[in-house]
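Trainee:
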Amino acid sequence: MRRIFLIIMMLVTAIYLQAQKARVSGTVFDTESGKAVPGTSVHIGSDSTLSNKDGYFELDGVPAGKTNITFKTAGFDSQTSSVDIVAPATKLGAFGIKHVSVYNAENTGISEVNLSTLDFEDENKGQNITGLLHSTSDVFVSTAGYTLSDAYFRIRGYNSENSSIYMSGIQVNNPESGRPSWSEWGGLNDATRNKEIINGLGAARFSFGDVGGTTNIITRASMQRKQNKLTYSLSDKSYTNRIMYTYSSGLLKNNWAFTLSGSRRWGNESYVKGVFYDAWSYFASAEKKLNDNNSLSLTVFGAPTKRGMQAAATKECFDLTGTHYYNPNWGMQDGEERNARVKNIHAPMAIFNHFWKVNPKINVTNSLGFTYEKNSTSALNWYNAPDPRPDYYRYLPSWLTNADLTVTPDQAVVDALTNAWKTDINTQQINWDKLYQVNYLANATGAQANYVLEDRHNDHSQISLNSLMNFQKSEHVLITGGLELSKYTGYHYKTIQDMLGGNYWVDIDQYAITDFPSNPDAAQNDLNHPNRVVTAGKRYGYDYNINDNSGLLWGQSEFSYNKIECFAAVDVSYTSFWRQGNMRNGREPLNSFGKSASSNFLNYGIKGGATYKINGHNYIIGNAGYITRAPFAENAFVNPDIKNTLVNNLTSEKILSGDISYVFKTPRINARLAAYETVINGGSRVITYYDDNYGTFVNTTMVGIGTTMQGFEFGTEVKATSTLSLTGVAAIGNYRYTSRPTATVSLENQAQPDISETVYEKNFYVAGTPQDAYSFGVKYAHPKMWYFNANINYFDKMYLDFNPERRTETAIAGLSYGDTLINAITRQEKLKSGITVDGSIGKSFYYKKYFFNITFSVNNILDNKDLITNGYEQMRYDYTSDNLNKFLPKYFYGMGRTYFLMVSVRI
Amino acid sequence: MRLNNFTNKKIENKMNKIKGIFSSFIILTGIAFISGCVKGDLETPPVNFPTVNFGANTTITQLQAMHTAGGTETIATDIIIKGKVVSSDQSGMIYKAIYIEDDSAGIEIPLDQSNLYTTYKLGQRVFIKCKGLTMGEAKGNLELGYSTGGVLGRIPAYLIPQFVYPDSLPGAIPAPVALTESNFANASNLNRLVKFDNIYFPDSNQIFCPTTSSYINHQIGAIPLTSLVLYVTPYASYAPALIPSGTGSVTGIMVKYNTVYELMIRDLNDLSGFNH
């Protein structure tokens, strides 16, 4: 969008030199209804404004001459017309703009991010992010954001921490992880539709930006399209029903503007067993225009969401249960399904803005944001009791034939278990009733519960201040700059959600009892309250805060001339974080309670770019930047659950990125070809898991991770006829690890000293996205407002996330040179490529004053259920026997055929 | 004036409209609420009071009588024994086995599952359907296990419910068989709860078992180590504790390891009357 905007501006700058100024006015209306369209952004050259409630707009100081005027607003096609500006004033008359004529995922509300219910160890990995943001008029970006997102395609291989998301000027990326939490505004599609999207390193006018792009979701009520809209959707993906209502008043005569929106999404196990969805959302925004130069806005929103999660599983489980959607997270309790892994999120946020036009050349926006997020995921916990998870590796038939066992059992024994796995629900799934009975028996002997259901909380509060200034220094120069301050506290603790029939729980660590037999204190999770008895609702296990304060100052200059537009931007930031322990852990009594040392980082970034117009149809665009970034707190502590220890040799990440694009534009053909490369060095990562071999928790910290993302992207849209257009998109990527990081393995029971090892992962592939993706589409739009489209997609070069410890000298110790096992241990699994076909059909029509829109779409029409979209090797690995079959990788499969039906009515 | 009124009225209309929209918003929310209750509170399952509808037809002594020393016997008839659980693997000393006894004798039943104490509490009456199980000696100790691959071993975890049937809630634990230093070496005392009174440990004030050893045999009273030992592994939660001094009573499960009798205490409550 940014690029296209630049291009439009370039067209305009062609006549800059004859710089006589004019006052330009006009109106904009809906060609279907004939009504005025307020809130349309009107662009002439580098000037832009919004239409008022009567659709009227006015722009001052527009250079005289032939130029283009562009109208953009949600729900309508962007439209450009040629106009002749004559000084001193030009009345342009009325412009009609058309509703999105072609099926467009974003505008129909389908592109809603389906909060993925995939349950990862690294819990934010399961976010399917692209759908929400990247819907722009660039065909590559919009196809990648919608059509390709079912396969978890990530543009240029970037993780979400590489994109900045702002909500009305306030950054919403979590400072601890760098990742934005989409759940915060899930279900508010209408209210969050207005966005400024900057792809990649392009120039943003609200932030310095990030290497993977920058988005500002505009919540101002006066900018929302005036509407009264009710939407109902029916689907079999992650929820069954969605009802959504949005009202926007537009700017009223009394200079107030209001937007209200709310939604409910609910349904049980639409596609995957045991997964349910139970979400609400609310949004209220009020804006008061004090005078021509000052407006105040207050926005409050939130989305209480509860989701049952799906866990990855091994191929053996899929084979036994006969489905690729086997979900070990649930089981039967009293004849009802119950999921042990339920995510529960509510993050109310309030944002206050002051928009101030200081003078015709200077705009200042001050924003204050506050959020308090409650975020928990439930999980089973057990004490001196059999593992309650049905897919625990020793419960599977493969365990019986495992080489570790001294006795090979009779086939009949293996068959009996195999048969139980195929037919018995209590073998396949969690046997909740059994857990209750065990606890009842424990009650009978006065003992503590053996099983409880706990909630792992990751709450946070944050207050943010953002001050932004835009200064139109001259016709050719726009200077933007800002200051962003944030004070953040993350609260991490566990509570017991459900005693599962047990009477009480003692807050000690069962592993530590065996790990530190001669030190009874070690088992205490809180030495300040030893042997504390806890029941439902009480905190236990761990309890600590992560404080993260940061400040960022940035500035940017944009220059626009006849043949060339360019910009340069710079930022400086300071980040300081520390841990505050609220419990004195028995394993680290002197290093867990109270404040840790604080880690402080000073960072900077520079970037720049240029657009060169060869002629009216051909453009070259290039961007480059070098950014350093403080490590995220979640990668900075060795094991924050128990201690204050920081990862050794923690450094800022260094990001070097550049891209170059060629754009071809004619009335019939739009095409863009880009080449890019991004090098990220100095990354760090912390992995914690329970290891059977050591019988203890293991913390692996990795520093010095280097990645390179390079590739080509191509997108084209060809209008074959006035109603039919063809799209083609190709992404050819090469995302690799490029360094040999140092991994430090420390056992929590300190049974052996910490070992630092080199991880031989150079040239390994970055997992979690297809590196190659292609899509070919047909769009048909009948003038009578019905439309049809279809896409065929091909995904390739998907790789399994790997266990770094399997790529160390230790992992292959004892194997002689040339042993084929070495290759088996260290190679990275390439996942199968796959094809999917999507289609949708829709119709819009007026009935009296009601505007109806009906859309029906089917994803993965061919019902391809063999596409693995995500997966990982288990961190546990048997180094003694090098038995690769003991801890097999776990996978998630992409959904087969799903549908989405949506009906909306708007007044 | 008129114009002002008109504008005000217009604004009022607007506000009314907003109110209307507010109410419809609330109504819609209400509808969604009512129509969309996804999950109510789950009921808590009732206490399962296990009962069996069959009885025992053989005593443990009778079962043991079918065994020929050194051989293995896979039971082919519908033999059912009953007994009460006297062992607990909670401390980690006993591992993947339960010991049950009736009035006549005791027997070890190896089960391929850890943390058995969560289901088989002390004093739990169980019935064992022996058909399909195999009796034999493991290092000299008679057990009722499962033969697979031609080897006698533990009953696979998922087969346990086919053989072992808990009956009612745990009750009183059978009184231990009182033994003396001079009179313990009798097969009928094996795999049972036994008790020695007025006993002392020559190894007092040593730890039961350091993590560096795979096991330690401690002398009991004056009984030679070749005859009876207190057997402790580092997996026992009490392994790092000190062996008490003075004289007291020791209770435990007595088993045989080849020719030596071994006493395993379940936890430190099995020691009483000592100095500490």
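The listed protein sequences derive, respectively, from chains L and F. First residue of the first sequence: 92, per this note's numbering; consecutive thereafter. First residue of the second sequence: 4, per this note's numbering; consecutive thereafter. Positions of the beta carbon are idealized from the N, C-alpha and C atoms, including for glycine.
Looking only at C-alpha atoms, which of L:T580, L:K448, L:Y780, L:L741 sits nearest to L:G773?
Mentor: Locating residue 773 of chain L in the first sequence gives position 682, where the first residue counts as 1. Selected option, being the one with the closest Cα: L:L741.
Trainee: Can you tell me whether DSSP reads L:K163 as helix, strand or coil?
Mentor: Working through the first sequence from its first residue, we reach residue 163 of chain L at position 72. Strand at L:K163.
Trainee: Tell me, please, whether the segment 329-342 of chain L touches the segment 689-700 of chain L by the rule of three or more beta-carbon pairs shorter than 8 Å.
Mentor: Touching, no.
Trainee: Note the first and the last residue of the continuous alpha helix (DSSP H) segment covering L:C408.
Mentor: On the first sequence, residue 408 of chain L is found 317 positions in, with the first residue counted as 1. L:C408 -> alpha helix (DSSP H) spans 406-412.
Trainee: Buried or exposed for F:N60, going by 16 or more other Cβ atoms inside 10 Å?
Mentor: Within the second sequence, the letter at position 57 stands for residue 60 of chain F. The residue is exposed, with fewer than 16 neighbouring Cβ atoms inside 10 Å.
Trainee: Where L:I751 and L:G716 are concerned, what is the direct C-alpha to C-alpha distance, given to the nearest angstrom?
Mentor: Here residue 751 of chain L corresponds to residue number 660 of the first sequence, with the count starting at 1. Here residue 716 of chain L corresponds to residue number 625 of the first sequence, with the count starting at 1. Roughly 12 Å between the two C-alpha positions.
Trainee: When you compare only the Cα positions, how much space is there between L:E464 and L:E287?
Mentor: Counted from its first residue, the first sequence places residue 464 of chain L at position 373. Counted from its first residue, the first sequence places residue 287 of chain L at position 196. Approximately 25 Å, taken between the alpha carbons.
Trainee: Which residue marks the beginning of the beta strand (DSSP E) containing F:I202, and which one marks its end?
Mentor: Reading the second sequence from its first residue, position 199 is the one you call residue 202 of chain F. F:I202 -> beta strand (DSSP E) spans 195-203.
Trainee: From L:R547 to L:W490, what distance separates their C-alpha atoms?
Mentor: Within the first sequence, the letter at position 456 stands for residue 547 of chain L. Within the first sequence, the letter at position 399 stands for residue 490 of chain L. Distance between the alpha carbons of L:R547 and L:W490 is about 30 Å.
Trainee: In chain L, what lies closer than 7 Å to F:A242 by C-beta?
Mentor: Reading the second sequence from its first residue, position 239 is the one you call residue 242 of chain F. Those within 7 Å of F:A242 in chain L are P608.
Trainee: For F:G156, go through chain L and note every residue whose CB falls closer than 8 Å to its CB, in chain order.
Mentor: Position 153 of the second sequence holds residue 156 of chain F. Under the 8 Å cutoff, chain L gives V498.
Trainee: Enumerate in chain order the residues of its own chain whose CB-to-CB distance from L:T719 is below 8 Å, with the five nearest sequence positions on each side excluded.
Mentor: To locate residue 719 of chain L, count along the first sequence from 1; it is residue 628. Within the same chain, L:T719 has close Cβ partners N694, Y695, G696, S743, E744, K745, I746.
Trainee: L:T131 by DSSP, collapsed to three states: which one?
Mentor: Position 40 of the first sequence holds residue 131 of chain L. Note: L:T131 maps to coil in three-state DSSP.
Trainee: So what's L:Q520 in DSSP terms, helix, strand or just coil?
Mentor: Within the first sequence, numbered from 1, the residue matching residue 520 of chain L stands at position 429. L:Q520 falls in the coil class under three-state DSSP.
Trainee: Taking its Cβ as the centre, do 16 or more other Cβ atoms sit within 10 Å of F:L145, making it buried, or is it exposed?
Mentor: Taking the second sequence and counting its residues from 1, the one referred to as residue 145 of chain F is at position 142. By the neighbour-count rule (16 or more Cβ atoms within 10 Å), F:L145 is buried.
Trainee: Taking only beta-carbon atoms, is F:L118 less than 8 Å away from chain L?
Mentor: On the second sequence, position 115 is the one that residue 118 of chain F refers to. Residue 118 of chain F is actually Asn in this sequence, not Leu. Cβ-Cβ to chain L under 8 Å: yes for F:N118.
Trainee: Count the other C-beta atoms from every protein chain shown that fall within 10 angstroms of the C-beta of L:F607, then say buried if there are 16 or more, exposed otherwise.
Mentor: Taking the first residue of the first sequence as 1, we reach residue 607 of chain L at position 516. Per the 10 Å Cβ criterion, buried.
Trainee: Below 7 Å, is the gap between the Cβ of F:S216 and the nearest heavy atom of the ligand COA?
Mentor: Inclusion of the ligand COA in the displayed structure is not the case, the ligand content being empty and no account of it being possible.
Trainee: How far does the beta strand (DSSP E) with L:F153 in it reach, from first residue to last?
Mentor: Reading the first sequence from its first residue, position 62 is the one you call residue 153 of chain L. Position check: residue 153 of chain L holds Val in this sequence, whereas Phe was assumed. Its beta strand (DSSP E) spans residues 147-154.
Trainee: Taking Cβ positions, are L:N561 and L:N385 nearer each other than 8 Å?
Mentor: The residue given as residue 561 of chain L occupies position 470 in the first sequence. The residue given as residue 385 of chain L occupies position 294 in the first sequence. Not a contact, by the Cβ cut-off of 8 Å.
Trainee: So with Cβ pairs under 8 Å, would you call L:I751 a contact of chain F?
Mentor: Translated into positions along the first sequence, residue 751 of chain L becomes position 660. Judged by the 8 Å Cβ criterion, L:I751 is not in contact with chain F.
Trainee: Compute the beta-carbon to beta-carbon distance between L:K654 and L:K704, rounded to the nearest angstrom, for a pair I have assumed lies under 8 Å.
Mentor: On the first sequence, position 563 is the one that residue 654 of chain L refers to. On the first sequence, position 613 is the one that residue 704 of chain L refers to. Yes, L:K654 and L:K704 are in contact; Cβ-Cβ is about 5 Å, under 8 Å.
Trainee: Can you check whether the C-beta of L:Y1046 is within less than 8 Å of a C-beta belonging to chain F?
Mentor: This structure cannot speak to residue 1046 of chain L, because chain L is shown only from 92 to 998.
Trainee: Using a Cβ-Cβ cutoff of 8 Å, what residues of the segment 154-188 of chain F are near chain L? List them in chain order.
Mentor: Under the 8 Å Cβ criterion, the segment 154-188 of chain F contributes V154, G156, P159, A160, Y161, L162, L172, P173.
Trainee: Is the segment 921-932 of chain L touching the segment 946-953 of chain L in the sense that three or more CB pairs, one from each, lie closer than 8 Å?
Mentor: The segment 946-953 of chain L, when compared against the segment 921-932 of chain L, does touch it at the 8 Å Cβ threshold.
Trainee: Below 7 Å on C-beta distance, what does L:G592 contact in chain F?
Mentor: In the first sequence, residue 592 of chain L corresponds to position 501, counting from 1. T47, listed in chain order.
Trainee: Can at least three beta-carbon pairs, one atom from the segment 338-349 of chain L and one from the segment 260-270 of chain L, be found at a separation below 8 Å?
Mentor: Because the criterion of three Cβ pairs below 8 Å is not met, the segment 338-349 of chain L and the segment 260-270 of chain L do not touch.
Trainee: With a threshold of 8 Å between beta-carbons, can F:N51 be considered close to chain L, or not?
Mentor: Here residue 51 of chain F refers to the residue found at position 48 of the second sequence. Yes, contact with chain L.
Trainee: What distance in whole Å lies between the Cβ atoms of L:L958 and L:F886, which are believed to be in contact at a cut-off of 8 Å?
Mentor: Counted from its first residue, the first sequence places residue 886 of chain L at position 795. Counted from its first residue, the first sequence places residue 958 of chain L at position 867. Rounded, the Cβ-Cβ distance is 7 Å, consistent with contact.
Trainee: Rounded to whole angstroms, what is the Cα-Cα separation between L:I516 and L:M423?
Mentor: In the first sequence, counting from the first residue as 1, residue 516 of chain L sits at position 425. In the first sequence, counting from the first residue as 1, residue 423 of chain L sits at position 332. L:I516 and L:M423: Cα-Cα distance of roughly 8 Å.
Trainee: Closer than 8 Å by beta-carbon distance: list the chain L residues that pair up with F:T121, in chain order.
Mentor: Here residue 121 of chain F refers to the residue found at position 118 of the second sequence. Near F:T121 (Cβ distances below 8 Å), the residues of chain L are N475, A476, P477, V529, L532, A533, N541.
Trainee: Could you check what DSSP says for L:P832 in three-state terms: helix, strand or coil?
Mentor: Sequence index remark: in the first sequence, residue 832 of chain L carries index 741 (1-based). In this structure, L:P832 counts as coil in the three-state DSSP scheme.
Trainee: Roughly how many whole angstroms lie between the Cα atoms of F:Q116 and L:S866?
Mentor: For the purposes of this step, residue 116 of chain F is taken as residue 113 along the second sequence, with counting starting at 1. For the purposes of this step, residue 866 of chain L is taken as residue 775 along the first sequence, with counting starting at 1. Roughly 52 Å between the two C-alpha positions.
Trainee: Determine the DSSP secondary structure at L:D650, reduced to helix, strand or coil.
Mentor: Reading the first sequence from its first residue, position 559 is the one you call residue 650 of chain L. Correcting the residue type first, residue 650 of chain L is Phe in the shown sequence and not Asp. Three-state DSSP puts L:F650 in a strand.
Trainee: Going along the chain, which unbroken runs of the beta strand (DSSP E) with 3 or more residues stay wholly within the segment 260-297 of chain L?
Mentor: Segments of the beta strand (DSSP E) lying fully in the segment 260-297 of chain L: 286-289.
Trainee: If you measure from the beta carbon of L:G987 to each beta carbon in chain F, is any gap under 8 Å?
Mentor: For the purposes of this step, residue 987 of chain L is taken as residue 896 along the first sequence, with counting starting at 1. No, its Cβ sits nowhere closer than 8 Å to a Cβ of chain F.
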